[in-house]
């Protein structure tokens, strides 16, 4: 359970002039786009040429709720939608840079306020209907319609105002922004272009939410992704077939995807995923924990396990710094007095044994972290952040400076107490479904015991945990993890800004509660309107330093992205951004096709 | 006579097992919550009496287990470093029987930790955790059973002795309790209670919860015994001489229920230990890091642990003799009860 893409509050943004440049100049080895004929402007993908045919089976932890991007909120739905839909501009999961997708090219005006996007010619939905600028304009109209309540809406509010979308001609669309947008055309990533011919009528009748369910007939739903719906068996699987109108080809001009069919098997949990993969029922596996990874690595029969390196997940401990005022319970008040002291938080941070977390929780397949930018993010991390090793002496000094002292308890153990003589005792919430985080909490519990703090670990179902942290605010401390959906800082904007919903230690503030939060707000907002990467980076580095000084979040560790695939799967190149293994599903192929009827 | 002998046999077995658990501080070499982060998932250490050259030693010794280079949980024996096991060694402090401070442990070693049942994910000694965990689980079982039998005896004797509407009401309530899916009730009860509870509070909660749920069956049994006992000639005679209800119950009727109660106790204790284990297994029992048998077994919920670390199953095996002991005791008690009845009634009434 993690918070993913929870950051849907309005983005205030700026010009993306630089990113654009990088997209084209930064990777000279990548060939973009090659025109085959005037009629059909397929995108030619570089890389190994595969063979067509076959079926790939992957497992999914539970059933997706919908195939409709307008209502999809769960990660499983998004994973399935990812292979059925396409966006104008796409972030390449391997290079972490933006690339043309349905858009052949785009142009940003000099003031950074207007994007002109030119669509490829000859694009067709998976039901054979042609796509033109009207579909794009229609799509953004529904995304922005308040009555539809699309999760994408918040992303499309830039500078406090919704983006204005207009059609120039059948191939050209213009997007007008109220303010320049820092991450630039990355804005368009993940925004599926929807079929107007299927959705217009339901939209007018106000029943957009009822279509695109799993039970929808295959001919009633269409997308621009590599696969389209074929069959759904409730509780068992979702069978997708190749989209014959897909708009990408390989170097030899073969139309992608290579696979004929893609099957999502529904399984209840991570262990079931491992068992299915081990028994050969599924072809690829991702989101593996380190322990299951080592189980699978031990006997690699016909498959290969890969450690794709550090990802974008960051795990952290935070204390309840909400100001509940009069409403806060008597029990909470003295505790919050400790939590508000920077020295107290610094002491906790100094006492946490991050190396032990990496070793015992991730079996060395992860890294200790001291800041929000996970090690998988190569461009935005602040190299200068101090990576101070564990030191109980330093922790004790911090506590002494903050007025804490030690007394000998009844059991002969030393107990930490505050200046009023009250023993330091609090509880840490963790998600009960996440074994890794429960383990981290147990280690921290033991670390803090050595400082004389008495800590209880409370495993809680994820939804009620989130409810406590963001709604009722009845908790002492909480251990959580977030996966950034993109390497750009804007993907974590709601963690940074004091008004953000995932500014977890004190969410959705009307005004920044502390001067340093105000300063972070200023830096992050300024970063969005800076003109160059260097300027943005400088501002972002400073924000990271302030966060590290004040320790509202005590960063712990980040796991590697652990995946596996059968040896028969070709073009398997796992990425550290989601979706880890299916990001290039159109290029995946089976090296040896099984005889007909055996699968 | 045979039943008396088996009864004594089981009593001795259980007595020995319980002594070990009660004196866990002495028999366990280490503090059960002390983490050894350098040695996670250490396999059980074997104790040897004969070295590689074939020489026999009087003191048992073990070989140090060393982490294989580049691995996380693969250990190999370092046969160049035999470690002699020392008996009555000083170590971590504990309180014997809860009040006698001591530092003596049955065995230990200077050079390395001797982990007879291996270690868990945090490098905690499984053997020590098993013994300390037994204290919690068995105590929960025994107290829970006591609680149940007390309620059962009270309700059963009131219903059986006084009869009438009291009997009707109490027995309908008992039937209601019998019909309840008690496992789910336990979940609901535990989930309803406060989130973060200290281990001590959690322990008493569990005792009250499991003890308060299972009283219906013993109550019905007691009621049956009381019903038949109150019609006995000697009871009628005593009543004729003017004995009060309280006196009759105390002097003549309740003693009749003793064999039923003892048998029930021997059946209930393992059942309640299992209930505690179920709750802890599902994370609703005693919170980590305090060991209990359920907590020990909950490690097995993870597939990777199931297939990689076989010694994590050992605590389950170690519990078998306890349950066997209790069930053996229950059946010998039952036999004794039967024999006792036959003696009392005489062969004539046996038809």
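Chains as they are written, first to last, in the working numbering: chain A, 469 to 1067; chain B, 11 to 361. Here a beta-carbon is modelled for each residue, glycine too, at the ideal position from N, C-alpha and C.
query = How would you label residue 360/B, buried or exposed, when you count the other beta carbons within 10 angstroms and need 16 or more for buried?
reply = For residue 360/B, the predicted structure reports a pLDDT of 38, less than 50, and the residue's modelled location is therefore unreliable. A value from the coordinates is still provided. It counts as exposed.
inquiry  = Alpha carbons only, please: which of 138/B, 142/B and 163/B is nearest the one belonging to residue 267/B?
reply    = 163/B
ask   = Helix or strand or just coil, what does DSSP make of residue 989/A?
value = It is helical.
inquiry  = I need the DSSP call for residue 125/B, collapsed to helix, strand or coil.
reply    = coil
inquiry  = Please report whether the beta-carbon of residue 759/A lies at a distance below 8 Å from any beta-carbon of chain B.
reply    = yes
task = Quick one: grab the DSSP three-state call for residue 120/B.
result = coil
key: Local conformation of residue 496/A per DSSP, three classes   = Because the pLDDT of residue 496/A is 35, which lies under 50, any placement of that residue in the model is unreliable, and the question is left without a value.
task = Taking C-beta pairs closer than 9 Å, name the residues in chain B that residue 913/A reaches, listed in chain order.
result = Within chain B, the residues whose beta carbon sits less than 9 Å from that of residue 913/A are 298 and 299, listed in sequence order.
key: Residue closest to residue 318/B, alpha-carbon to alpha-carbon, out of 14/B, 41/B and 84/B   = 84/B
ask   = What do you reckon, are the CB atoms on residue 1042/A and residue 738/A nearer than 8 Å?
value = no
inquiry  = What does DSSP give as the partner residue(s) for residue 705/A in the beta ladder?
reply    = 701/A and 733/A
DSSP-derived helix/strand/coil call for residue 157/B = helix
inquiry  = For chain B, check one thing: does any of its Cβ atoms lie closer than 8 Å to the Cβ of residue 619/A?
reply    = Chain B, which has no Cβ nearer than 8 Å to the Cβ of residue 619/A, makes this no.
message = So that I know if they touch, is there some Cβ in chain A lying closer than 8 Å to that of residue 293/B?
response = yes
ask   = Any Cβ of chain B within less than 8 Å of the Cβ of residue 762/A?
value = yes
ask   = Just by C-beta distance, which residues in the region 109-138 of chain B are closer than 9 Å to chain A?
value = 111, 131, 132 and 133
Rounded C-alpha distance that separates residue 780/A from residue 1047/A = 12 Å
request  = Identify the continuous beta strand (DSSP E) that holds residue 546/A and give its terminal residues.
outcome  = Note, residue 546/A: premise wrong, no beta strand (DSSP E); alpha helix (DSSP H) at 543-552.
request  = Determine the extent of the beta strand (DSSP E) in which residue 836/A is found, giving its start and end residues.
outcome  = 834-836
task = Would you identify the three-state DSSP class for residue 270/B, choosing helix, strand or coil?
result = helix
task = Would you mind listing the beta strand (DSSP E) stretches within the region 604-659 of chain A that are 3+ residues and don't spill past its ends, in chain order?
result = With a minimum length of 3 residues, the continuous beta strand (DSSP E) runs that stay inside the region 604-659 of chain A are 632-637 and 640-644.
key: Coil, strand or helix - residue 1009/A by DSSP   = helix
Identity of the residue in 888/A, 891/A, 889/A and 910/A nearest residue 898/A by Cα = 910/A
task = Reducing DSSP to helix, strand and coil, say where residue 230/B ends up.
result = helix
Against chain A: residues of the region 227-261 of chain B by CB proximity under 7 Å = For the region 227-261 of chain B, there are no residues whose beta carbon sits under 7 Å from a beta carbon of chain A.
request  = Sort 907/A, 759/A, 806/A and 939/A by Cα distance to residue 893/A and report the nearest one.
outcome  = 806/A
request  = In angstroms with no decimal places, state the Cα-to-Cα distance between residue 176/B and residue 230/B.
outcome  = 13 Å
ask   = Of all Cβ atoms in chain A, is any one closer than 8 Å to the Cβ of residue 100/B?
value = no
Whole-angstrom C-beta distance between residue 774/A and residue 527/A, which should lie under 8 Å = Not quite, the Cβ-Cβ distance comes to about 17 Å (not below 8 Å), so this is no contact.
ask   = Which class does residue 115/B belong to by DSSP, given the choice of helix, strand or coil?
value = Residue 115/B carries a strand assignment under DSSP once its states are collapsed to helix, strand and coil.
task = Inspect the beta-carbon positions of residue 645/A and residue 631/A and report whether they are closer than 8 Å.
result = yes
key: Short CB-CB distance (under 8 Å) between residue 53/B and chain A   = So no, residue 53/B is outside the interface.
ask   = In chain A, which residues lie with their C-beta within 8 Å of the C-beta of residue 317/B?
value = 763
request  = May I ask you to report which of helix, strand or coil DSSP gives residue 71/B?
outcome  = strand
Chain B residues whose Cβ lies nearer than 7 Å to that of residue 832/A = 82
inquiry  = Does residue 938/A come out as helix, strand or coil in the three-state DSSP assignment?
reply    = helix
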